[in-house]
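Taking it in order: structure first as structure tokens, then the write-up.
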Amino acid sequence: MKKKIRILHVLSSHIYSGAENVVCQIISLFQNDPDYEMIYCSPDGSIRKALEERKISYMPIEKVSRSEVQRVISETAPTLIHAHDVRASIVCAMAADSMKKNRLPLISHIHACFDSMTRVSAKSVSYLLFTHCFSRIFWVSESSLNRYAFSGMVKGKSQVLYNVIDREKLEQRLQEDSTSYDYDVVFLGRFTEQKNPQRIVGILEQLEQQLHPSSKQLHAAMIGDGELYEPIRELIKEKKLEQVIVLPGYMTNPYKALTSAKACLMASRYEGTPMSVLEAMALGVPVVSTPVDGIADVVESGVTGYLEETNEKLAERLQELLTDPAKQKQMSEASKRRFEQICDLKQYRETLEQVYRESAVW
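According to this note's numbering, the sequence shown is numbered sequentially starting from 628.
Following this line, the structure appears as structure tokens:
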């Protein structure tokens with residue numbers, strides 16, 4: 628009888644966002660395969676509801692620490708660990724090594740190359756020191772790998788694994804929402820320095836000034852939460868934009884709200900391959916964004932959306948989509964076609980399965 632491969636997915640975050648979405652996608656691809664069992668492990672929080680909705684096995688921990696990870700390893704007896712950020716990768720390596728059992732295979736998955744990883748820093752050096760513990764390192768984009776300060780030293784065990792979206796499940800989720808939405812522009816993501824929500828407010832403020840009073844008032848939504856949520860709420864109030872920008876907060880099912888919009892706005896400082904961009908493309912919502920690595924890999928400027936450097940140009944491109952229905956429809960259809968070209972679920976699963984089986988005997 629073939630032995631079941633049990634995989635423990637470990638994350639440092641307790642909320643549902645980009646990397647967490649990726650892990651749920653991975654688990655869903657193997658959910659009906661009797662040869663695999665997958666467990667999601669992270670600090671407890673709002674992520675629990677998202678996992679319950681997706682019927683994903685969950686092992687909550689107090690925090691990502693060596694002792695907590697050791698406890699989970701003892702209780703679940705995984706075949707291998709798939710760690711999904713720098714901290715989780717390092718802590719899992721320490722936990723597995725200090726248990727003094729047979730080496731537990733460990734895969735590290737880096738979903739975004741943060742600034743501290745692009746230079747010599749405590750974080751980038753610490754990660755490098757533990758890379759010998761990893762059977763494989765997944766990077767979400769070529770640029771994420773190349774931006775890592777010590778990329779040349781880890782390329783031998785590195786592999787680029789672009790994110791994918793299950794379009795059918797996305798559309799099923801969309802149908803589950805009975806609420807009506809009417810947004811012109813939507814930002815979907817965490818309120819963090821990486822996503823630059825302050826700049827989103829500035830772009831929307833400029834767009835409102837360009838549109839008003841020649842047309843109806845702009846109606847935009849910034850969907851998500853994070854450490855900058857309250858500062859952004861105060862900024863919107865300070866700029867008297869409460870009637871222009873709404874903050875629905877975290878939504879477990881934001882897809883109907885997203886698809887009501889004529890454009891999805893991003894202003895990230897850096898990216899891997901953001902799931903919100905793939906979701907927008909799958910639903911036919913043109914993406915208007917800064918030309919950062921990751922987004923520039925998937926959005927064809929002038930075809931499926933726009934990539935611009937300045938707030939002025941970003942607001943101008945948004946205005947084009949809001950005032951030219953023919954152009955918006957053309958880009959919407961092009962976005963869907965581009966999504967079909969870049970999202971191959973079958974190939975994604977085959978890549979993971981090959982690495983899992985190779986790592987299981989590493």
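Just so you know, even glycine gets a beta-carbon here, dropped at the ideal spot from N, CA and C.
Hey, could you find the ends of the beta strand (DSSP E) residue i is sitting in?
i	result
Gly829	Segment Pro824 to Leu838 is the alpha helix (DSSP H) holding Gly829; no beta strand (DSSP E) there.
Ala890	Ala890 to Met893
Ile632	Ile632 to Val637
Leu707	Leu707 to Ala710
Should residue i and residue j be called a contact, given that it needs their Cβ atoms to be closer than 7 Å?
i	j	result
Leu941	Pro913	no
Leu892	Val828	no
Gly1030	Met958	Absent from the model: residue 1030. The displayed extent of the chain is 628 to 989, so no value can be given.
Ala720	Leu707	no
Met919	Ser887	The question names Met, but residue 919 in the sequence shown is Val. No, they are not a contact pair.
Leu834	Leu945	yes
Ala909	Leu797	yes
Ala739	Val637	no
Ser986	Gly911	no
Val718	Val691	yes
Ile674	Met665	no
Val982	Arg763	yes
Thr917	Ala677	no
Tyr882	Leu801	yes
Thr703	Leu656	no
His735	Phe761	According to the sequence as given, residue 735 is Ser; it is not His. Yes, these two residues count as a Cβ contact at 7 Å.
Ser1010	Trp766	Examination of residue 1010 is not possible in this model, given that the chain is present from 628 through 989 alone.
Thr758	Val781	yes
Could you check how far apart the C-beta atoms of residue i and residue j are, in whole angstroms? I think they sit under 8 Å.
i	j	result
Lys866	Gln955	Contact doesn't hold; Cβ gap of about 26 Å is too wide.
Arg698	Thr745	With a Cβ gap of about 34 Å, Arg698 and Thr745 do not count as contacting.
Leu905	Phe966	7 Å
Gly932	Gly899	No, Gly932 and Gly899 are not in contact; Cβ-Cβ is about 18 Å, not under 8 Å.
Gly851	Arg817	5 Å
Ile830	Met849	That pair is no contact at about 11 Å.
Ala884	Tyr808	4 Å
Ile700	Tyr663	Contact flag wrong, Cβ pair sits at about 18 Å.
Ala847	Tyr810	6 Å
Gln870	Gln837	Actually they do not touch by this definition, with Cβ atoms about 16 Å apart.
Leu855	Glu832	That pair is no contact at about 17 Å.
Glu647	Ser640	6 Å
Gly853	Thr819	5 Å
Could you give the residue range of the alpha helix (DSSP H) that holds residue i?
i	result
Phe765	No alpha helix (DSSP H) holds Phe765; the beta strand (DSSP E) holding it covers Arg763 to Trp766.
Gln974	Leu972 to Ala987
Ile850	Taken as a continuous stretch (DSSP letters only), Ile850 belongs to no alpha helix (DSSP H), being part of the beta strand (DSSP E) at Ala847 to Ile850.
Val718	Val713 to Ser725
Phe990	Residue 990 lies beyond the range of the chain shown here (628 to 989); nothing can be said about it.
Leu941	Asn938 to Thr950
Leu801	Arg794 to Gln802
Tyr856	Tyr856 to Glu865
Answer yes if the stretch 711–721 comes into contact with the stretch 671–687, meaning at least three C-beta pairs across the two stretches below 8 Å, and no otherwise. Touching, no, given that fewer than three Cβ pairs across the two stretches are closer than 8 Å.
Every unbroken beta strand (DSSP E) inside the stretch 651–704 [3 residues or more]: The qualifying runs are 663–670 and 685–688.
Touching or not, the stretch 752–760 and the stretch 966–977, by the rule of three or more beta carbon pairs under 8 Å? With the cut-off at 8 Å, the stretch 752–760 and the stretch 966–977 do not touch.
Quick one: any contact between the stretch 663–678 and the stretch 686–705, if contact means 3 or more CB pairs under 8 Å? Under the Cβ criterion (8 Å, minimum of three pairs), the stretch 663–678 counts as touching the stretch 686–705.
How do the stretch 819–833 and the stretch 787–797 stand: do at least 3 beta-carbon pairs fall below 8 Å, yes or no? With a cut-off of 8 Å, the stretch 787–797 and the stretch 819–833 do not count as touching, because too few Cβ pairs lie within range.
Enumerate, from N- to C-terminal direction, the unbroken alpha helix (DSSP H) stretches of 4 or more residues contained entirely within the stretch 870–934. Segments of the alpha helix (DSSP H) lying fully in the stretch 870–934: 882–886, 902–909 and 922–925.
What residue ranges within the stretch 727–788 form continuous beta strand (DSSP E) runs of no fewer than 3 residues, ordered along the chain? You should have 733–737, 763–766 and 785–787.
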